[in-house]
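Okay, structure first, notes after.
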Amino acid sequence: MPDSTYKVIELIGTSKTSWEDAAKKAVEKAAEHLRELRVAEVVEQDIVISDGKVEAYRTKVKLSFKYEGH
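Going by our numbering, the first residue of the sequence shown is number 3, and it counts up by one from there.
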């Protein structure tokens, strides 16, 4: 593997069904705009509660991709 540099960003995905689906949505949305995605690390999970019921699952991920500069 040649020497490379990677950039890391944080994204939050949301889902009405699960934390896994929320993470998947965040990664898939990023893939529409970024090239050479490498690793997604789940760093936080929480839920949104409304009137005592779960309204949404949220998953924060750190996502790395190859940095190519300008």
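Even glycine gets a Cβ: it sits at the ideal position worked out from N, Cα and C.
Here the structure is a predicted model, which means the values were calculated and not measured.
Three-way DSSP call (helix, strand, coil) for residue i in this model
{"i": "residue 26", "result": "helix"}
{"i": "residue 64", "result": "strand"}
{"i": "residue 9", "result": "strand"}
Straight-line gap, residue i to residue j (C-alpha atoms, nearest Å)
{"i": "residue 54", "j": "residue 63", "result": "26 Å"}
{"i": "residue 25", "j": "residue 10", "result": "16 Å"}
{"i": "residue 65", "j": "residue 56", "result": "26 Å"}
{"i": "residue 44", "j": "residue 29", "result": "11 Å"}
Per DSSP, cross-strand counterpart(s) of residue i
{"i": "residue 77", "result": "Because the chain spans 3 through 72 in this model, residue 77 falls outside it and cannot be assessed."}
{"i": "residue 39", "result": "67"}
{"i": "residue 17", "result": "59"}
Which listed residue (the options) has its alpha carbon closest to that of residue i
{"i": "residue 49", "options": "42, 32, 40 and 23", "result": "23"}
{"i": "residue 18", "options": "71, 67, 51 and 33", "result": "51"}
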